[in-house]
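What follows is one structure encoded as structure tokens, with my remarks underneath.
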Amino acid sequence: GALLEAGLARVLFYPTLLYTVFRGKVPGRAHREWYHRNHRIDPTVLLGALPLRSMTRRLVQDENVRGVITMNEEYETRFLCNSSKEWRNIGVEQLRLSTVDMTGGPNLAGFPTLANLQKGVQFALKYQEQGQSVYVHCKAGRSRSATMVAAYLIQVYNWSPE
251 GALLEAGLAR VLFYPTLLYT VFRGKVPGRA HREWYHRNHR IDPTVLLGAL PLRSMTRRLV
311 QDENVRGVIT MNEEYETRFL CNSSKEWRNI GVEQLRLSTV DMTGGPNLAG FPTLANLQKG
371 VQFALKYQEQ GQSVYVHCKA GRSRSATMVA AYLIQVYNWS PE
């Protein structure tokens with residue numbers, strides 16, 4: 251069950267990360283930006299893929315990011331991204347809401363828990379009040395983090411889940 255899904259997520263992490271990187275490099279219809287200004291959801295929230303260390307300056311200086319919501323498990327960010335301490339050293343608070351990267355299944359692996367969605371929304375609202383930005387991410391910026399952003403939009407703009 252859940253243990254098998256978590257193991258499968260670990261095995262598939264690097265091949266699917268390479269696919270995400272590849273899509274960011276190829277021209278044409280297959281191209282997908284890793285992160286782009288157009289991924290700004292509103293004045294507070296940006297949605298994207300793993301914030302690689304090379305993106306840090308751009309996120310902090312150009313986008314006023316002071317909070318990062320990480321939907322990844324620890325092993326997914328260990329080598330390529332800032333640690334919580336590294337984020338803190340540059341004035342950015344990280345909230346890790348670990349979610350297994352798989353979809354479906356009886357335990358709904360791949361989807362944040364309701365409690366984590368509520369924590370993430372409250373975290374984003376704190377930065378909204380300060381006029382600062384939050385970068386919400388998972389590996390590819392398409393499932394776990396998009397679910398978090400949807401919860402934020404439902405709360406802030408009174409949108410329907412439908």
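For the sequence shown, this note's numbering begins at 251 and goes up steadily by one. Quick reminder that beta carbons are idealized off the backbone N, C-alpha and C, glycines included. This one's a predicted model, so the numbers in the text were calculated from it and none came from an experiment.
key: Cα-Cα separation, Asn408 to Ala374   = 15 Å
query = Apart from the five residues on each side of it in sequence, which residues of its chain come closer than 7 Å, Cβ to Cβ, to Gln344?
reply = Val318, Thr320, Ser334, Trp337
message = By the three-class DSSP mapping on this structure, what secondary structure does Gln344 have?
response = strand
inquiry  = Distance check for Leu347 and Pro362, CA to CA, integer angstroms please.
reply    = 8 Å
key: Cβ-based burial, Arg394 [other Cβ within 10 Å; buried from 16]   = buried
ask   = From which residue to which residue does the beta strand (DSSP E) around Ser383 run?
value = 383–387
ask   = Taking just the CA atoms, how far does Asn332 sit from Pro411?
value = 32 Å
request  = Specify the secondary structure class of Pro295 as computed by DSSP and reduced to three states.
outcome  = The displayed chain sequence assigns Val, not Pro, to residue 295. Residue state, collapsed to three classes: strand.
request  = Report buried or exposed for Ser304, applying the criterion of at least 16 other Cβ atoms within 10 angstroms of its Cβ.
outcome  = exposed
task = Could you tell me the distance, in whole angstroms, from the CA atom of Gln405 to the CA atom of Glu326?
result = 28 Å
task = Quick one: using the 10 Å Cβ neighbour count with 16 as the cut-off for buried, is Pro301 buried or exposed?
result = buried
key: Residues near Val315 in its chain [Cβ-Cβ closer than 8 Å; skip 5 each side]   = Leu296, Leu309, Val342, Gln382, Ser383, Val384, Tyr385
ask   = Candidates Thr349, Glu379, Gln378, Lys376: which alpha carbon is nearest Ala365's?
value = Thr349
Limits of the alpha helix (DSSP H) - the one that Val399 falls within = 394–407
ask   = Just how far apart, CA to CA, sit Tyr402 and Glu313?
value = 19 Å
inquiry  = Here's a check: name, in chain order, each residue in its chain whose Cβ is nearer than 8 Å to the Cβ of Glu400, leaving out the five neighbours to either side.
reply    = Correcting the residue identity first, residue 400 is Ala in this sequence and not Glu. Counting only Cβ-Cβ distances below 8 Å, and skipping sequence neighbours, we find Pro411.
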